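Before any comments, here is the structure.
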Amino acid sequence: MARLRTRVERAAALHRQASAAAVAVQQAVEKYSPAIAPAEQYAEQRELAARLRATVAELAPGWLSASLDAVPPAFPIGDVGPAPYVRLGTAHPLDDARFPVLAPLLGVGHLAIDADARDARVAGLLRSLILRLIASAPAGSVHIRVVDAACDGETTAAFNGIPDVIPAPVTDHVGLRTVLADADAWMRAPEEDAYLVLVIASLPELTDGTDMSHIAHLARNGASRRLHLIVAGWPPPPLTAETTQPPLADSTQISLRNPHAWVGDPPAATYAGSGVGPARLNSPVYLDPDPSAELISRVRDHLAAADRPLPGERSSWTAPQQQWTGYVAAARRLDTVRRDAAKVVAEQTALAKRVRAELGTLRGQIGGQQARIGELVRDGQPVPLKPLGQEQAAADAALGRLAHAASTRRVRPPDTSENTGGIRRPAPFGPPDAASTGTVPDVSRPSYGTPGSPTPVDDAGAPSSGGPPMAPPVSGGRPHPPGAPTTGAPYPTSGPGGPVHPTSGPHGPFQGGPPTGQLRPTSGPHGPFQGGPQTGQMRPVGADPSATGQMRPVPPGQPRGTVVRPWGPPVSGVPHPAYSSSGAFPVVMVPPSAPPAPAETLAPAASPRLPEAALSMIGEARAALQRADTELADIDERMKRSPRVYNTLVYFGFAVLFGLLQVPMLTLLASRDGKLSVVASGPCGLLFAVVAFGCAWATIGFTDRRPDGQRPPRTPLTGFVISLLAATPALLAIVWAIQDAITN
């Protein structure tokens, strides 16, 4: 039966569709990196970095935050005055996002580093800190005392020559105790409008628990008396109970890693996004490098020649406290965003692993079905089981639309809490239909669009008359309005050979869409228009998207068929903003002189949430395999049926046909001599019976073609007996002639 061959070809088409989907998913997943998944979080980190750079410029102007490798020769010295915030280095939350890191020092707290000046990074940081402090303040307003035992004073040797600002460093235990005693004296009678900064580059070998307790005492009580500590090598190694010390009080702790460092919470604040410390700045920090000898020499010579101003003549500049509050708030928001990004990466990594496992299972199912179809057509005409070119292109396009829809779907509502650092998070992209950092469809229960049946669409949230507000772009993407549909275009696409309509569900053709449930046809060259402005009401698919359901009249001069929506004039190839991310949209018809601009689409592997789209694609491929299995099961059932009934009908039909053909012939013979000839009637009937048998035999062989190429069973004995019915008129004529002869 030709119908069996058609069903085999239909099953093969479904099989090729599933194979094309598997190939598209495999190629995309092999190139996918979960690191690109948190595109939204990356965009917000860039915004926060820009905000922090602007805040740093106000908190620490001039030398306090300038990059020391790019200081111009005419940069003023001593024009700011003692300021509370000083730069430590540069934070790199992303490769293309960075900002200077500040720490509160003068008038606020201290600094502690977990390695001493024998580490080149620590030595460079100490020199840059000293240079910033003395270059930003007028001469005499900041005094520096240095303890450098391990390096014999070489850490600050470049600053020798300004004893009023930086006396010679001490290098032994006695000198350490002398400096600590001088610090006690400063606390009892601090100099007016001046600060003393005690820099411990490295502790002497004989430093004991008493000395360390003395340092801790100075840290607890010195900030309020304009005494500040920069201690390298703190906390000290916990070798004994005496040398085991807690973190330095009122200090910002710097922990060195390779090659970056971590900067801990500042005094009386925290960088934790939850607001609960202790924590650290959630970004690797690269400490400032060693300033050049020429720059240090220029500042040193200027201070050596400068007159010491009177107390009333010193700068009265103060840093705005609200800016520091904003700096900390933005850093806390950065912690939250980076933690969210890490969760998204971990989730997408797990999803990618699941996709690979599901893909392996799917390929096994495809291989089994391919062998089954090949067995059916083993000796017959082969059918193509590898995806054709346009079928593979359609699968790649469908995966791209699914990936785009998944990537543009917001995963949580915007946050304007106190932890945002004054920055509003980007507005939602599409319907907020996922409560976590990603929503994965159940691939074991795929959903399908049903052609001809209305699908309700939620139109909540109508845009204003001026059009919906545009949301900020994410990771270089174009703006997308809140509430816009994010479904992809249908899976079928047009190719050189005409439209391709592979099917994958029991109710209709495959329809691309978001990997979150209902898949529905969308607008464009392959399906009815589905989107529209949000009206706050439910409407069936295909209804007019305008709120009033009416079109504006076509303006004079526009070609016939131009679509004019209430939201504005026709524009060539430009969709209404509400459909800019829908995957397909109604393009207004204009003369050929203004062709539509090509749509910009990313490769599936470049989509941040490819695994979600891949799981949906795998679900559709499995649905296609299930439909193909249904076709093959029906073919097997038909092939197992006994051919006796079909053959009987064919033999009987031809026997009746040829029996009826004998009636006019026998009538003609009887009309010539008035009686039938027994000699003529018998051979005529047998001849018609044989011809009827032969025609039925050929018909069965022609119509009942097996997909495997085997000959169909023709049941010759049954057919011959049935074909004798074709001789019935001749036999009746013979009987009538014999009876007539006997009567006469």
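Going by the working numbering, the first residue of the sequence shown is number 10, and it counts up by one from there. Don't be surprised by glycine CBs; every beta carbon is placed ideally from N, CA and C. These figures come from a predicted structure and were not determined experimentally.
Query	Result
Given 8 angstroms, three or more beta-carbon pairs between the segment 80-87 and the segment 215-231	no
Proximity winner among L115, I382 and T165, relative to P176 (alpha-carbon distances)	T165
E67 to L61 span [Cα, whole Å]	10 angstroms
CA nearest to the CA of V208, picked from A270, L215 and I122	I122
Of the residues A281, G162, H182 and L312, the one placed nearest S292, counting alpha carbons only	A281
Min CB distance L212 to chain D below 7 angstroms	Absent here is chain D; the protein component of the structure consists of one chain.
Inter-residue Cα distance where the pair is Q401 and R381	22 angstroms
Buried or exposed by the 16-neighbour rule on C-beta atoms within 10 Å, applied to S306	exposed
Rounded Cβ spacing between L134 and V95 (contact assumed at less than 8 angstroms)	Actually they do not touch by this definition, with Cβ atoms about 11 angstroms apart.
Three-state class that DSSP yields for Q262 in the structure shown	strand
Straight-line gap, W745 to F711 (C-alpha atoms, nearest Å)	39 angstroms
First and last residue of the uninterrupted beta strand (DSSP E) at A112	A106 to P113
4-residue-minimum alpha helix (DSSP H) runs that sit fully inside the segment 373-416, ordered along the chain	398-416
Limits of the alpha helix (DSSP H) - the one that I819 falls within	Residue 819 lies beyond the range of the chain shown here (10 to 753); nothing can be said about it.
Collapsed DSSP secondary structure at L205 in the structure displayed	strand
Among V32, P617, M674 and I627, the one whose alpha carbon lies nearest that of A52	P617
Alpha-carbon spacing of L675 relative to A705, whole angstroms	23 angstroms
Residues bridged to A121 (per DSSP)	V240 and Q262
L368 versus I751, L733, S28 and P725, residue with shortest Cα-Cα distance	S28
R647 classed as buried or exposed, judged by whether at least 16 other C-beta atoms fall within 10 angstroms	exposed
Backbone secondary structure at V97 - three-state DSSP	Position check: residue 97 holds Leu in this sequence, whereas Val was assumed. Note: L97 maps to strand in three-state DSSP.
Rounded separation between Q357 and P43 - CA only	6 angstroms
Own chain residues within Cβ distance below 7 angstroms of T180, not counting five before or after	D157, A158, D161 and G162
Rounded straight-line distance, which links the Cα of H269 to that of D128	13 angstroms
Endpoints, the beta strand (DSSP E) within which V294 is located	V294 to L296
Between the CA atoms of A623 and S260 - distance to the nearest angstrom	50 angstroms
Residue environment, T15, which counts as buried when at least 16 other CB atoms sit within 10 Å	exposed
Delimiting residues of the alpha helix (DSSP H) encompassing D271	A small fix is needed here, since residue 271 is Trp in this sequence, not Asp. That residue, W271, is in no alpha helix (DSSP H); its beta strand (DSSP E) goes A270 to V272.
Q330, buried or exposed, once every other Cβ within 10 Å from all chains shown has been counted against 16	exposed
Cβ separation of A735 and A707, assumed to be a contact under 8 angstroms, to the nearest whole Å	Their Cβ separation, rounded to whole angstroms, is 15 angstroms, which puts A735 and A707 out of contact at 8 angstroms.
Closest by C-alpha distance to A48, when choosing among T417, S732 and F697	T417
Proximity to L236 [Cα-Cα], best of A37, D193 and A59	D193
Close-in-space but distant-in-sequence residues of the same chain around D405 (CB under 6 angstroms, 5 per side omitted)	A33
CB of V65 within 7 angstroms of CB of S76, strictly	no
DSSP-derived helix/strand/coil call for P102	strand
Reduced DSSP category for M157 - H, G, I as helix; E, B as strand; rest coil	Note that residue 157 is Asp in the sequence shown, not Met. Looking at D157 - three-state DSSP - the assignment turns out to be strand.
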